[in-house]
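For the sequence shown, the residue numbers in UniProt numbering are 1 to 276. C-beta: ideal position from N, C-alpha, C; glycine also. Treat the numbers as computed from the prediction; the structure is a model and nothing was measured.
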Amino acid sequence: MNKFLKFLGISVLTMTFVLVTEALSSTILFAIFGNAMVGNSDTGILNQVVKYQVIVGQLLRLILICIFFAIKKKREPNKTNNIIKNKRFLADSWKMLIIGVGVAGFGNLIISFLITIFGNSPLVTDTLDQFSEAFQINGPMDFFVMIIGMVILAPIVEEILFRGIVFERFTKIYKLSTAIILDGLLFGIYHMNILQGINTFFMGMVLAFVYYYRRNITDVIIIHMVNNFFALTAGFDESYTIVLTVVSVICILLTIKFLKQFKNNGQKSNENEEYI
Numbered sequence: 001m002n003k004f005l006k007f008l009g010i011s012v013l014t015m016t017f018v019l020v021t022e023a024l025s026s027t028i029l030f031a032i033f034g035n036a037m038v039g040n041s042d043t044g045i046l047n048q049v050v051k052y053q054v055i056v057g058q059l060l061r062l063i064l065i066c067i068f069f070a071i072k073k074k075r076e077p078n079k080t081n082n083i084i085k086n087k088r089f090l091a092d093s094w095k096m097l098i099i100g101v102g103v104a105g106f107g108n109l110i111i112s113f114l115i116t117i118f119g120n121s122p123l124v125t126d127t128l129d130q131f132s133e134a135f136q137i138n139g140p141m142d143f144f145v146m147i148i149g150m151v152i153l154a155p156i157v158e159e160i161l162f163r164g165i166v167f168e169r170f171t172k173i174y175k176l177s178t179a180i181i182l183d184g185l186l187f188g189i190y191h192m193n194i195l196q197g198i199n200t201f202f203m204g205m206v207l208a209f210v211y212y213y214r215r216n217i218t219d220v221i222i223i224h225m226v227n228n229f230f231a232l233t234a235g236f237d238e239s240y241t242i243v244l245t246v247v248s249v250i251c252i253l254l255t256i257k258f259l260k261q262f263k264n265n266g267q268k269s270n271e272n273e274e275y276i
C-alpha cells in the first residue's frame, strides 16, 4: 500500500507539472495569437497554434527542469547518485537508430491491430481524427515546426523527465521489472489518448530498459527521436509506408537482439559513469 501511494504521488506530481506547463504555454500563445483567433472560423490558425504549443510547452518544461537540477546541484554539490546518467555518444550508439525504427514499427503494428479490432468504436475514431489534425502538414514551415517540437524537443525533455527523473525514482522504490512497467504506464497516461497511450506504454518500457542497462540518457533520446521522426513522416505516401513495414520487421528482430546484449553487458559493469 505504501509503495502504491508513492507511485500515485509521483504520478500526480509529474502530471501536474505537465498540465501546468501546458496551461502556461496556452496562455502565452493566446496572448500572442488571441486577436487572430477570436471570431475567426478558420481552423488553420488553431491548428498552427497547437503546433507552436508543442514547442512552447516543451521549452517551458526544459527550463523548469534545468532550474530544478541547478538548485539541486547547489544544495547537494557532492551528491551524484540522483543526477541523470549520461555517457553521450558511445561507439555502439548507432544501434539506437535501429531500435528507434524497431520501436516505431512495433508501435505501428499495435495501432493497426487496435484499429482492426476496435475501428468502429467512437473512442478510436475520435482519436484518429485527433491524430489527423495534429499531424497535418500544410507546407515547409509546418514541417519545420513539427520537427523542432516533436523530433527534437519532445524526446529530449520527455527522456529527461520520464527516464532521468521518474524512472530513477521508481528504481529506488520498486524492483526493476516493476519500475519499468510503472514508467511505461505513466508515459502512456502522459500522452492522454487510448491509441497513443497503449503504443507509448510499450515504448516507455523499452526506453526504461535501455536507460537502466546503458546508463546513458543520450541513447534513449536517440531512440525517441527516431521513433517520432517515423511517426511524423510515415504517412507521406503509401510506398513509403510499405518500405517502412518491411524495414520495421527486420529492425524489431534486431532490437530484441540488442536488448539482450544491453542486459548482459549492463550486468557485467557499473563503472565509468558520467553525469549531467
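* Asked: How close, in whole Å, do the beta carbons of Arg163 and Ala208 come, if the pair is a contact with beta carbons under 8 Å?
  -> Here residue 163 is taken as the residue at index 163 of the sequence shown, counted from 1. Here residue 208 is taken as the residue at index 208 of the sequence shown, counted from 1. About 6 Å separates the beta carbons of Arg163 and Ala208, which is inside the 8 Å limit, making them a contact pair.
* To do: Mark Glu76 as exposed unless 16 or more other C-beta atoms lie within 10 angstroms of its C-beta, in which case mark it buried.
  => Against the sequence shown, residue 76 aligns to sequence position 76. Burial call: exposed.
* Asked: Taking Cβ positions, are Val54 and Met203 nearer each other than 9 Å?
  -> Counted from its first residue, the sequence shown places residue 54 at position 54. Counted from its first residue, the sequence shown places residue 203 at position 203. Result no, Cβ atoms of Val54 and Met203 do not sit closer than 9 Å.
* **Three-way DSSP call (helix, strand, coil) for Lys6 in this model** => Mapped onto the sequence shown, residue 6 falls at position 6. Of the three classes helix, strand and coil, the one that applies to Lys6 here is helix, per DSSP.
* To do: Evaluate Asp183 with the Cβ neighbour count: other Cβ atoms within 10 Å of its Cβ, from every protein chain shown; 16 or more gives buried, anything less gives exposed.
  => For this step, residue 183 is matched to residue 183 along the sequence shown. Buried, by the Cβ-count rule.
* Asked: Should Gly107 be labelled buried (16 or more other beta-carbon atoms within 10 Å of its own) or exposed?
  -> Here residue 107 corresponds to residue number 107 of the sequence shown, with the count starting at 1. Residue burial is scored here from C-beta neighbours: Gly107 has at least 16 other C-beta atoms within 10 angstroms and is therefore classed as buried.
* Asked: In three-state DSSP terms, what is Lys175?
  -> For this step, residue 175 is matched to residue 175 along the sequence shown. Reduced to three states, the DSSP call for Lys175 is coil.
* Asked: Where do the ends of the alpha helix (DSSP H) carrying Pro155 lie?
  -> As a position in the sequence shown, residue 155 is number 155, starting the count at 1. First-last of the alpha helix (DSSP H) with Pro155: Ala154 to Glu159.
* **Cut-off 6 Å between Cβ atoms - residues of its own chain near Leu5, not counting five sequence neighbours on either side** => Sequence index remark: in the sequence shown, residue 5 carries index 5 (1-based). Taken in chain order, the list of residues that qualify is empty.
* Own chain, CB closer than 6 Å to Ala179, minus 5 neighbours either side, in chain order -> The residue you call residue 179 lines up with position 179 of the sequence shown. If you ignore the 5 residues before and after Ala179, its C-beta comes within less than 6 Å of the C-beta of Phe170 and Thr171, all in its own chain and listed in chain order.
* What is the DSSP secondary structure of Lys260, reduced to helix, strand or coil? -> Counting from one through the sequence shown, the residue named residue 260 turns up at place 260. In the three-state reduction of the DSSP assignment, Lys260 falls in the helix class.
* **CA-to-CA distance, Tyr211 to Leu8, given in whole angstroms** => Position 8 of the sequence shown holds residue 8. Position 211 of the sequence shown holds residue 211. Each residue's Cα considered, the two are about 22 Å apart.
* Specify, as a first and last residue, the run of the alpha helix (DSSP H) that residue 308 falls within. => Residue 308 falls outside the range modelled here, since the chain spans only 1 to 276, and no answer is possible.
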